[in-house]
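These notes concern the structure reproduced below.
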Amino acid sequence: MQNIEPILSKPELSRDDIVRLLSADDDASMDLLRQKASGILLENCGPEVYFRGLIEFSNICLNDCDYCGIRRGNTKVKRFQLTKDEIVSTALWCAEHGYGSVVLQSGERRDPEFVDFVEDCVGKIKQCSRSERLPNGLGITLCVGEQTEETYRRFLAAGAHRYLLRIETSSPRLYARIHPESQRIETRIERLRMLNKIGFQVGTGVMIGLPGQAAEDLADDILFFRNMDIDMIGMGPFIPHSDTPLGQTAIAGGYDKDAVFRLALRMIAVTRLVLKDVNIASTTALQAIHPEGRELGLQYGANVIMPMATPPNVRHDYLLYEGKPCLDESAEQCSSCLRRRIESIGRTVALNRWGDSRHFSRLK
Ligand code: 5AD
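Going by my numbering, the letters in the sequence shown line up with residues -5 to 358, in that order.
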């Protein structure tokens, strides 16, 4: 066991310090890290937790990522696409229940019908969600992959103001190992720059615990977030899906769920220490491998939760990984369960607010 206190008291962390913190797996170090991350979070972002209603509106996907359950090559998946009315009414349900923001997420498509469809949904949600409580309507985040600059501009003009595009890993070597050759890390990075330039609040993130990933790779991921001036982070443990090539490799190699979970908590905490004022999500994947995963994520420095708002009849078809929680709960149940969980750890849910990243408001 090493003493991480001297590292935690430094005003700036070097890459080497970050690697050490990420590697400190004993309980005492984890406790110190949690306390430090909570303090930095309170100081820079306050105690509020922001809700974003997550609407997974289609699992049709062009991509063939080696880790993802809805990859094009997985023929076992029943493909679905919600209608515009279903998406808009789900978003309005979120607004009525005090969620200030929604996230529209889907598999990746770039055809004109898809782009028109998303643009239209965003416009309608904006228009219909304005009320006394939300004079500017719902905050809308899009998570629909790599698109052209023109498409991104159309989405922004329609009223989306945040965009999530995970880099998955900032290591070119690992990225190439878990994606087909046609999916290039250079394109991803270029899209992140484009989104930033256009004026979106930009979110990215990585998977933690990928086969062959070292603490050094994760340290570089944190430095990548900083260099790219990222406003929001969504990251979680890699969880094997048995119908995917990487899932099968990981299971055969002996996937250690507990070790990956603890590493994911440290990654959240160290990201908070380095980036300070960004929004960090405590992702559903954390709860897939630990019953209190999302509460723990909040205690290690996260301040955003994405309650599942996807209509329950299609939730079973949007399985990116195995063990996804809350598949049979109603949106109502997810909302009250999460509120209870958040209050149980002494934090408050900020209702009817967009909850933008302070990093974004401060610098731009
Ligand atoms: N384990 C964990 N996260 C996954 N994602 C996809 N597949 C998995 C998996 N097997 C994540 C990716 C993607 C996000 C929508 O879900 O990071 O960007």
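A virtual CB, placed ideally from N, CA and C, is assigned to each residue, including glycine.
GLY340 counts as exposed, since fewer than 16 other C-beta atoms from the protein chains shown sit within 10 angstroms of its C-beta. One thing to note: GLY349 has its Cβ within 8 angstroms of the Cβ of SER95. A residue is called buried when at least 16 other Cβ atoms come within 10 angstroms of its Cβ; GLU107 does not meet this threshold and is exposed. Residue range 106 to 123 is occupied by the alpha helix (DSSP H) that includes VAL116. Excluding five sequence positions before and after ASN38, the CB atoms of its chain that fall closer than 6 angstroms to its own CB belong to LYS270 and ASP271, given in chain order. For the ligand 5AD, a non-hydrogen atom lies closer than 7 angstroms to the CB of TYR315.
Under the three-state reduction of DSSP, TYR93 is assigned to coil, being neither helix nor strand.
Annotation for ILE192: GLU143, TYR146, ARG147 and LEU150 place their beta carbon closer than 8 angstroms to its own, counting only its chain and skipping 5 residues before and after.
Cβ-Cβ distances below 7 angstroms link SER329 to HIS91 and PRO301 in the same chain, with the five nearest sequence neighbours on each side left out; the list follows chain order. In this structure, ARG66 sits away from LEU76, with a CB-CB distance that is not shorter than 8 angstroms. Between VAL43 and ILE336, the C-beta gap is smaller than 8 angstroms, which places the two residues in contact. As computed with DSSP, GLN195 is found in a beta bridge with ARG156. Closest in alpha carbon position to ILE134, among HIS155, ILE224 and ILE227, is HIS155.
Any heavy atom of the ligand 5AD counts here; residues with a Cβ closer than 7 angstroms to one of them, in chain order, are CYS59, TYR61, CYS62, GLY63, GLN99, CYS137, ARG160, GLU162, GLY199, MET201, GLY230, PRO231, PHE232, ILE233, PRO234, HIS235, THR238, GLY241, ALA279, LEU314 and TYR315. For GLY131, the CB contacts under 6 angstroms within the same chain, skipping 5 residues up- and downstream, are LYS120, SER123 and ARG124 in chain order. Annotation: ILE299 to ASP215 spans about 21 angstroms, alpha carbon to alpha carbon. Close CB contacts of LEU2 within its chain, under the 7 angstroms cut and outside five residues either way in sequence, are with LEU26 and LYS30 (chain order).
Just so you know, the alpha carbons of CYS137 and LEU158 end up roughly 5 angstroms apart. One thing to note: THR238 has its Cβ within 8 angstroms of the Cβ of ASN68.
In this structure the region 308 to 320 touches the region 218 to 237; the number of beta carbon pairs closer than 8 angstroms is three or more.
Inclusion of ALA303 and LEU48 in the CB contact set at 8 angstroms is warranted, their separation being smaller than that value.
Between the region 158 to 174 and the region 203 to 215, the count of C-beta pairs closer than 8 angstroms reaches three or more; the two stretches touch.
Looking at LEU35, PHE51, GLN195 and HIS173, the one whose alpha-carbon comes closest to that of HIS310 is PHE51. The DSSP assignment places 239 to 246, 251 to 269, 278 to 283 and 287 to 293 as complete runs of the alpha helix (DSSP H) inside the region 220 to 305, in order along the chain (cut-off: 4 residues). According to DSSP, SER100 shares a beta bridge with SER52. Per the DSSP secondary-structure output, CYS137 pairs in a beta bridge with GLN99. C-alpha of GLU326 to C-alpha of ARG333: approximately 11 angstroms in a straight line. Here GLY287 has LEU280 and GLN281 as same chain residues with Cβ atoms under 6 angstroms from its own Cβ, once five neighbours each way along the sequence are excluded.
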